[in-house]
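In this note's numbering, the protein residues as written are 1 to 399.
Glycine is no exception: its CB is placed at the ideal position from the N, C-alpha and C atoms.
Quick notes on the structure that follows.
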Amino acid sequence: MEVEEDEYRRKERIALLIIVVVASVAVAALLVAFSYYCYIRNRVSKRRSNLQRADNEDKGGFQNLQVAAEKGLQVFTFKQLHSATGGFSKSNVVGHGGFGLVYRGVLNDGRKVAVKFMDQAGKQGEEEFKVEVELLSRLRSPYLLALIGYCSDNNHKLLVYEFMANGGLQVHLYPASSDNPISLKLDWETRLGIALEAAKGLEYLHEHVSPPVIHRDFKSSNILLDINFHAKVSDFGLAKLGSEKVGGHVSTRVLGTQGYVAPEYALTGHLTTKSDVYSYGVVLLELLTGRVPVDMKRPSGEGVLVSWALPRLTDRDKVVEIMDPALEGQYSMKEVIQVAAIAAMCVQPEADYRPLMADVVQSLVPLVKTHRSTSKVGSCSSFQVTKSPTAHEFGKASV
Numbered sequence: 001m002e003v004e005e006d007e008y009r010r011k012e013r014i015a016l017l018i019i020v021v022v023a024s025v026a027v028a029a030l031l032v033a034f035s036y037y038c039y040i041r042n043r044v045s046k047r048r049s050n051l052q053r054a055d056n057e058d059k060g061g062f063q064n065l066q067v068a069a070e071k072g073l074q075v076f077t078f079k080q081l082h083s084a085t086g087g088f089s090k091s092n093v094v095g096h097g098g099f100g101l102v103y104r105g106v107l108n109d110g111r112k113v114a115v116k117f118m119d120q121a122g123k124q125g126e127e128e129f130k131v132e133v134e135l136l137s138r139l140r141s142p143y144l145l146a147l148i149g150y151c152s153d154n155n156h157k158l159l160v161y162e163f164m165a166n167g168g169l170q171v172h173l174y175p176a177s178s179d180n181p182i183s184l185k186l187d188w189e190t191r192l193g194i195a196l197e198a199a200k201g202l203e204y205l206h207e208h209v210s211p212p213v214i215h216r217d218f219k220s221s222n223i224l225l226d227i228n229f230h231a232k233v234s235d236f237g238l239a240k241l242g243s244e245k246v247g248g249h250v251s252t253r254v255l256g257t258q259g260y261v262a263p264e265y266a267l268t269g270h271l272t273t274k275s276d277v278y279s280y281g282v283v284l285l286e287l288l289t290g291r292v293p294v295d296m297k298r299p300s301g302e303g304v305l306v307s308w309a310l311p312r313l314t315d316r317d318k319v320v321e322i323m324d325p326a327l328e329g330q331y332s333m334k335e336v337i338q339v340a341a342i343a344a345m346c347v348q349p350e351a352d353y354r355p356l357m358a359d360v361v362q363s364l365v366p367l368v369k370t371h372r373s374t375s376k377v378g379s380c381s382s383f384q385v386t387k388s389p390t391a392h393e394f395g396k397a398s399v
């Protein structure tokens, strides 16, 4: 009996041991499975977070993009804008871009407006619409194109701006390549005024908004001119909020227009306010030379405006070679040298060597003021410019 009892107890212990081992293995398996589940869930969560962050970056960094009736903005119906533009008549088309056509229009109260009809097929156009409404509803500067209102009706996305009678700057700089009937030759005084007012527009975005706003697509076609050729910066669809840290940057995919994009942004995707400064420098070169930023039809070495002009900008004997023939020599070489020096600083390859837009404005204000006072003394015509100085005066001209 004792032998049988011992055998029974031994089998009982073995059975108990097996149960414990199996239970332990089962618990371990459950723990492994749970850990793997948590690992996978964490990875998926991080991936979604990264995708959302990247999406927000591509949308310009704006977090509150709800299209609503902001203070000061008018909400239009599609029917109202259809009527204002003559049924979106081709004869009223005044511009076009990657996101749609721009029409001339007249509202019921008699106000002239420009209506941008966003391309419904483009996702980027949808984002441009949201960014412009959200951004321009809170920006107030006489040097930025004013947004009057918008329409988001039956999947139609339209933006309504103040009307600028003389269109884009590029129309007047390159009349030979434009069939626009409003193109006029710009004299030196007008070009100086445009340079200053455009600089003030960028200065406002960089220095008077927190966090700063980086335009990201500053170019001559986005500088619009009113009936008196006063300039305003327009087209904020690619704008992005910048870093508030000193020397900081934001990383984003490279967008912009060939010939205007800063080299460090093109290479790394690192965007700062100095990226806009580079683009502004290119526009200054356009005002000086009357040349487009990239023209590979030109002779070897002259196809890229910055590369061709930069060595000549700081050479007093060669700077005259870059001047727009359309000016017919009607400018002060002292003023040209000063503007050329500003342009040279703005298009430096290294971003740290470029000035702030506030510095550019401070340099241009006395130059423009002096020119206008001299012009008024020299002639009763407000558009008369100072003639080129003598060789002696040229040698004394300071940068």
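As assigned by DSSP and simplified to three states, the class of residue i
i: H270; result: strand
i: H230; result: coil
i: R13; result: helix
i: I19; result: helix
i: V347; result: coil
i: S296; result: Position check: residue 296 holds Met in this sequence, whereas Ser was assumed. Three-state DSSP puts M296 in coil, outside helix and strand.
i: L310; result: helix
i: G281; result: helix
i: S381; result: For S381, the predicted structure reports a pLDDT of 45, less than 50, and the residue's modelled location is therefore unreliable. The matter cannot be settled from this model.
i: M333; result: helix
i: V254; result: coil
i: M118; result: strand
i: K407; result: Since the first residue shown for the chain is 1 and the last is 399, residue 407 is missing from the structure and cannot be characterised.
i: L241; result: strand
i: V304; result: strand
i: L356; result: coil
i: N64; result: Legend: pLDDT at N64 = 45, less than 50; position of this residue unreliable, no value from coordinates given.
Cβ-Cβ distance between residue i and residue j below 8 Å
i: L173; j: R216; result: no
i: V115; j: A84; result: yes
i: M118; j: F99; result: yes
i: P349; j: P293; result: no
i: V131; j: A239; result: yes
i: V347; j: V282; result: yes
i: V306; j: L284; result: no
i: S363; j: I342; result: yes
i: A146; j: V339; result: no
i: Y143; j: E197; result: yes
i: F218; j: L136; result: no
i: A357; j: L202; result: The amino acid at residue 357 is misidentified as Ala; the sequence shows Met. Cβ distance < 8 Å, so M357 and L202 count as in contact.
i: K157; j: E134; result: no
i: E189; j: S375; result: yes
Residue from the options whose Cα sits closest to the Cα of residue i
i: Y265; options: G86, D352, A343, V32; result: D352
i: E321; options: R298, P299, L288, E197; result: L288
i: L224; options: G167, I214, V171, L267; result: G167
i: N155; options: V213, F129, R316; result: F129
i: L241; options: D276, I14, A28, R191; result: D276
i: T370; options: G72, D324, A198, K334; result: K334
i: R140; options: P366, V213, T374; result: V213
i: S439; options: L356, L367, H96; result: The chain is shown only over 1 to 399; residue 439 falls outside these bounds and no answer can be derived.
i: V171; options: H96, S221, E134, R138; result: S221
i: G86; options: N108, T257, A344, N42; result: N108
i: Y278; options: V75, D295, E134, V360; result: V360
i: M296; options: A28, T190, Q258, L169; result: Q258
i: Y150; options: E302, K79, R372; result: K79
i: P211; options: L192, V233, T273; result: T273
i: E162; options: D153, D324, A199, Q74; result: Q74
Exposure of residue i, with buried meaning 16 or more beta-carbon neighbours within 10 Å
i: F429; result: The structure shown does not extend to residue 429, since the chain is modelled only from 1 to 399, so the question has no answer here.
i: R354; result: buried
i: V39; result: Contrary to the premise, residue 39 reads as Tyr rather than Val in this sequence. Label assigned to Y39: exposed.
i: G61; result: Residue confidence for G61 is low, a pLDDT of 43 falling below 50, so the modelled location carries little weight and cannot support an answer.
i: H206; result: buried
i: L81; result: buried
i: K112; result: exposed
i: E328; result: exposed
i: R13; result: exposed
i: T268; result: exposed
i: T77; result: exposed
i: G290; result: buried
i: K90; result: exposed
i: V27; result: exposed
i: R138; result: exposed
Closer than 8 Å to chain C by CB, residue i
i: L173; result: Chain labels in this structure do not include chain C; a single protein chain is all it has.
To test your reading of the DSSP string, which unbroken alpha helix (DSSP H) runs of 4 or more residues are found completely within the region 137-218?
Whole alpha helix (DSSP H) segments, 4+ residues: 169-173, 188-207.
Would you list, in sequence order, the uninterrupted beta strand (DSSP E) runs of no fewer than 3 residues that lie entirely inside the region 73-112?
93-97, 100-106
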